[in-house]
Structures are given as structure tokens and as C-alpha cells.
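Q: In full-length UniProt numbering, the protein residues as written are 1 to 607.
Glycine included, every Cβ here is placed at the ideal spot set by N, Cα and C.
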């Protein structure tokens, strides 16, 4: 069995695993996932067939694809057989626990140690030994609160009960984030705090989800959350921990994973179908509406579920408070120097969703004049003439060609790309990466010259040493079959290294693109986005049109609009300079792959 699977399984006791947040909806076939997460509905089917050919009962108490189910059961059979042989006492306890599961699972809560973000307890029914059907959960009570003081009282009670039941809780004190936000000027970019990396707890640019919702930024009236994967219970818990109202509209990918069990009246779910085959709704973004009429926009790389916020490197940009325009102002007013408002509204309107009408109206009435970044998004479609420069790499290229400026030695300023997934890029570097991506990202007000290209993607070893491997999960996506057709990529690959920010072991789900000077001291621009290095995300030229498959969203930082300079400093230049270095999520200089290195591929889970 695979080394990484053995590593994970050696850390797992079969009777203390957390339940998979997707339960019957889980589609994974990853042995590491099954070693770490409990799936009682599957384990019951396998527990007495560990040494036999698996037979699926004619009647099941959950809906499924039987072919997929059989594949899952075969993996679980291997995992459970290994657990049995390693620790028979624990295995017998698991077997006994599974027998009365239909009665027990709805009558009591687990007393085993858990993390505060564990989706198994997402409804926060802490009343031990009480029937869930006859008691009101703390979450339900919290959501019914009308007053802040009542929400705060229930918040304190919930935290106390979580601590009593063994939850690991490490919360940033509410009411203080406004100071951290002010000190993040002028970039307002943050990176998720890493649970298992203590140095990140005190970093000025580290952030937890409740901090985004912090009261010091305003009292939240309602929220729009846009994502690919969503655990609604986990999301509501973050609002409780922040002491804020959880009145949320959620746009999510129809092909994504959404855990929406026991959704309350305060939650509106809006599935987004993908018009193009194999495309996905990959945007991660939110709008927070405050009681004072203002809003705040957050553009992120993290999905709305626990794994993405615990031990992975994620990036976020948080806008300034955007006040409401006065009634006398034209809604065409309140635009930023970067045209952010126009582009953002165009993106929201592209959904053609009635559920967004109110949010579009709110955005139209907001004053964006303090926003200093560009909004760069992708919207699925085949574009012939209209809208060609509105989305994807063409939008990025248009902005760079209009505003970016580089010195005469621009050929020596490489493009550095970094993402968590790699698409099918073509048979050669020149086919798409150079012709499309590097070409668009090299555009400036001056002549376009194609520079060198570097791509940061974790090696197999990077993953094996990561927190994701320890936790038996994975956020990276690349297949050996795809890589075998684009071996040329190895020439451009660099390892994931982030020791300076104490995120070496925090696998990068962040996606970023930038252009640096040869001495690595200056930056021409930086883009934080949900878009991976793929044709689906950025777009590609077809015979008669320009095609994009995914919804994506990101922000582009250009020095002219933020510092008034032509480039950003990457490190502190001198004590007299008032311009802060731009925060980069990885180490410089880059470290190319060694001869024995291979890019991480998901096929390791199939072995």
C-alpha cells in the first residue's frame, strides 16, 4: 500500500475518526480519505465482507450510483482490513458501534475529541442524551435571535459547551480585526492562518474566517457567498463564532459539493448550472452588507468548508468599507479608478439569476471610489466579437497593455504562475502556455516581449511532507495521464516552498500570477485569483471564437493605482521608504525541481 496512505493510517485510530461532512453524498475513492474520515453507511456494508467478494444488498437506505458505490467499497475494504490487522480491539469496538447506528446516530452526540470546525457537529446540537427531534439546537436558537446581545450570549454559551465536550478552540478575540485590516494597507491581502503552524497565529496578515466577519468592521445585515464547494453548517458556525447574523444567500456550482442538511430559513441556496461541458463554477467570493447601508467585498481562493480553512495556504483580498451613495447621487457614480464597480456588476449580471437582483441593486448604490485593484473574472461562453476582452486572459491582457509599465530590460522579468490544479495544456510550451498565457501576461503599454516562465506546483515529496498528507486529504488536482502528454512542463516547474511565512507544509490552494525583476526585488504586478493554470479557467482560441468554460474571479494589483510607482517593492528597501513590500505567499528565489522530483499526481491514491 502507498507510503502516504500508510503514513496517514498510522496516525488514525478507527474509533476516533471524524465523519465525512458529505456522508451519503461523498463520491471519493481515495484510500487516504477513507482512512481519515468515517463513512458509517459504507462501513456497515463492508464490515462483514472484509475477506470476501463484496456484494451490495438489493435494497439500500440511501441513493447512489451502484458502480461508484462498488468502487468505494473495494477501497474501504482494503482500509478496514488493514485497520483490523493492526488493532483488533479498536476494530471490534468499531464493529459494535456500527450495529446500532440507525438508532444511535439521531439520539446522542459524540463525546470523542473534535475540532471546532468538524462538520459532523455542524448543527451544534450539544444537548447530550436528548433526541434531536425534540430539542432545539443552539444553532437554531442563534439564528432566531433578533438582537446582538442575545446572539453574543448564545455565542458564549456555545463556545463553553464546545470546550466542555473536548473541541479544540483557538479563536481570535472579536472586535479587533479593524486594526489588523488598517495595518494591511495599501494591499489588503491576507493569508489563511494555519492550524498546525503556530508562527502563523501572530502574523499580521494571517486571517481566520470569523475575522472576516468581525464586528469591528460593521454589523452584518446579510451576506452573499459565492463558491464551488460549501458546507452550510460549517459556514453558519463561522457566523456564530463571529457573533454576526447568518442571513446568507449562497451561489454554488451545480456540479460542486454542497452539504445543505437542515438548511434553515435564513439560508437561500442558488445552484449555478454550467453551460459548457466540463466547466465548473469555481469563483470564491462574498459580499457583506452592513446595517449602515455599506458593503464589503471579499475575493478569495478558499471554498466554504473546513479543510480549506485549516491547513492550506489560501489568499484573500478584502475591500475597504464601501458606503452607500446618497439618494441624490446617480448610480453611475461611485466608480473606482480601476473600473472595479463596472466589471463587478457585469460579472453579477452575467448569472441572470433573480436571486441576485437585490444584490445587484445594492452594488449599484455603493461607492467604490476607494477600491485600488482591478476585478478580473471569467464567465463561461463562446465569444466571437462582443465581450471578447471582458473575461479571462484577454481581460488581463487588456488591462496590462493599458496600464502596466516595465523598464527596457523587460525580457528579463519572468512570469511566475502558481496554482493547485493543472489542466491539459497542449503538446508543447508554445501551443497554449506561451502563445496565450505568457503572451497576455507580458503585455504592457510598451512593446510586448515574451519573457521566461516559471510554474510553482508541489512535488510528490512536498505533498508527502504536508499537513494535507498528515490529515489524509488533498487539494491538488493533476493526473498522470495528463502529465504524460505534457512532459515539457517539467522544464518550467518549481517546488512549493514557503518557510518564510511558515507555510511550507500548508499545501497551496491559492492561485497567483506575477512578474518579477531579475534580482527579485521589484514586482510589475500581482494577481490573486481562483483561476488555475487551465484553458477552462483562462480561455482559449477556437477556430471561430474565444471559449471559456469556468466561472472564476480574481483581483489584479497594479502599482500605479496603489502606490503611485511603476513597480512594487518585494522587500523593504530602506528605512525612509513609506511603501510596504508586497506580500508574496512563497519563498524567493524559486527552487526548481530536482532531477528525482515528480509533480504531485492524484493517481497515487489509486494504487
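Using the three-state DSSP reduction, which class does residue 292 fall into: helix, strand or coil?
A: coil
Q: Could you give the DSSP three-state label for residue 18: helix, strand or coil?
A: strand
Q: Rounded to a whole number of angstroms, what is the C-alpha to C-alpha distance between residue 352 and residue 230?
A: 21 Å
Q: With distance defined between alpha-carbon atoms, name the residue in 235, 242, 205 nearest to residue 173.
A: 242
Q: With 16 as the cutoff for other CB atoms within 10 Å, does residue 66 come out buried or exposed?
A: Answer is exposed; the Cβ neighbour count stays below 16.
Q: Do you know how far the Cα of residue 581 is from the Cα of residue 408?
A: 23 Å
Q: What is the DSSP secondary structure of residue 454, counted as helix, strand or coil?
A: Strand.
Q: Quick check: the Cα distance between residue 334 and residue 340, rounded to an integer number of angstroms?
A: If you take the alpha carbons of residue 334 and residue 340, they lie about 10 Å apart.
Q: Identify whether residue 585 lies in helix, strand or coil by the three-state DSSP scheme.
A: Coil at residue 585, not helix or strand.
Q: Helix, strand or coil: how does DSSP classify residue 494 here?
A: strand
Q: Which parts of the region 525-581 are runs of the alpha helix (DSSP H), unbroken and 4 residues or longer, counting only runs that do not cross its ends?
A: 535-538, 559-562
Q: Apart from the five residues on each side of it in sequence, which residues of its chain come closer than 8 Å, Cβ to Cβ, to residue 588?
A: 516, 520, 570
Q: Under 6 Å Cβ to Cβ from residue 422, same chain only, skipping five residues before and after it: list those, please.
A: The beta carbon of residue 422 sits closer than 6 Å to the beta carbons of 478, 533 from its chain, once the five residues preceding and following it are set aside; these are given in chain order.
Q: In or out: residue 606 buried (at least 16 other Cβ within 10 Å) or exposed?
A: exposed
Q: Taking contact to mean 3 or more Cβ pairs, one atom from each stretch, closer than 8 Å, check whether the region 231-241 and the region 525-539 are in contact.
A: no
Q: Identify every residue that forms a DSSP beta bridge with residue 225.
A: In DSSP, residue 225 forms a bridge with 250, 286.
Q: Using 8 Å as the threshold, is the region 413-420 in touch with the region 449-456, meaning 3 or more CB pairs across them?
A: The region 413-420 vs the region 449-456: in contact.
Q: Can you check which of these residues, 291, 584, 424, is closest to residue 500 by C-alpha distance?
A: 584
Q: Going by DSSP, name the residue or residues bridged to residue 37.
A: 18
Q: List the endpoints of the continuous beta strand (DSSP E) containing residue 514.
A: Taken as a continuous stretch (DSSP letters only), the beta strand (DSSP E) holding residue 514 covers 511-516.
Q: Could you name the residues of the same chain whose beta carbon sits closer than 8 Å to that of residue 296, not counting the 5 residues immediately before and after it, in chain order?
A: If we look at residue 296 and ignore the five residues flanking it on each side, its Cβ neighbours are 217, 218, 287, 288, 290, 318, 319, 320, 321, 322.
Q: If we ignore side chains and look at the alpha-carbon of each, how far apart do residue 573 and residue 430 end up?
A: 37 Å
Q: In whole angstroms, what separates the C-alpha of residue 594 from that of residue 138?
A: 53 Å
Q: Using CA atoms only, rank isn't needed, just tell me which of 26, 223, 50 is closest to residue 68.
A: Ranked by Cα distance from residue 68, the first of 26, 223, 50 is 26.
Q: Can you look up residue 72 in the DSSP assignment and give me helix, strand or coil?
A: helix
Q: Looking at the structure shown, is residue 46 part of a helix, part of a strand, or coil, going by DSSP?
A: Reduced to three states, the DSSP call for residue 46 is helix.
Q: Does the structure place the region 524-531 close enough to the region 541-556 that three or more beta carbon pairs sit under 8 Å?
A: yes
Q: What would DSSP say about residue 317, mapped onto helix, strand or coil?
A: Strand.
Q: Is there a C-beta anywhere in chain C that falls below 7 Å from the one on residue 291?
A: The structure shown contains no chain C, having only a single protein chain.
Q: In angstroms with no decimal places, state the Cα-to-Cα distance between residue 192 and residue 51.
A: Each residue's CA atom was taken as its position, placing residue 192 and residue 51 some 44 Å apart.
Q: So residue 357 is in the alpha helix (DSSP H); what residue range does that whole segment cover?
A: Counting along the chain, the unbroken alpha helix (DSSP H) around residue 357 starts and ends at 357-364.
Q: Would you mind giving the Cβ-Cβ distance between residue 205 and residue 190, rounded to the nearest angstrom? I have them listed as a contact below 8 Å.
A: The Cβ separation is near 5 Å, so the contact holds.
Q: Along the alpha helix (DSSP H) that carries residue 148, what are the first and last residues, could you check?
A: 148-164
Q: Once you ignore the five residues that flank residue 504 on each side, which residues in its own chain have a CB closer than 6 Å to its CB?
A: 498
Q: For the structure I just gave you, are there three or more beta carbon pairs, one from the region 376-388 and one from the region 275-285, closer than 8 Å?
A: yes
Q: Return the CA-CA distance between residue 489 and residue 45, expressed in angstroms with no decimal places.
A: 43 Å
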